[in-house]
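Heads up, the sequence shown is in this note's numbering, so the first residue is 1006 and it goes up one at a time. Glycine residues also receive a C-beta, built at the ideal position from the N, C-alpha and C atoms. Accompanying notes for the structure given below.
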Amino acid sequence: QSDPAGKLKRFQAGYSYKMSNRTSLYAFYDRQDPNNRVANDVIRVYGVGIQHNF
């Protein structure tokens, strides 16, 4: 265990761009350091997408 206290370290960021009244693009980033496995065991998640409301 890399952190004796076992604390989760997490960072998130996201952005949404409105293309029209009903359509938007989005992107996000998520980084987690669970500190319960191997040292420097970091989880990174990236996402992009488009949302259209009918």
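{"Asked": "Contacting residues, own chain, Cβ-Cβ under 8 Å from Q1022 (five flanking each side not counted)", "Found": "Reading the sequence as shown, one finds Tyr at residue 1022 and not Gln. Answer for Y1022: S1029, L1030 and Y1031, listed in chain order."}
{"Asked": "Buried or exposed (CB count within 10 angstroms, at least 16 for buried), D1038", "Found": "buried"}
{"Asked": "Rounded distance between the beta-carbons of R1036 and V1047, thought under 8 Å", "Found": "7 Å"}
{"Asked": "Any C-beta of chain C under 8 Å from that of D1038", "Found": "This model lacks chain C altogether, as it is built from one protein chain only."}
{"Asked": "Per-residue DSSP class, three states only, for V1047", "Found": "coil"}
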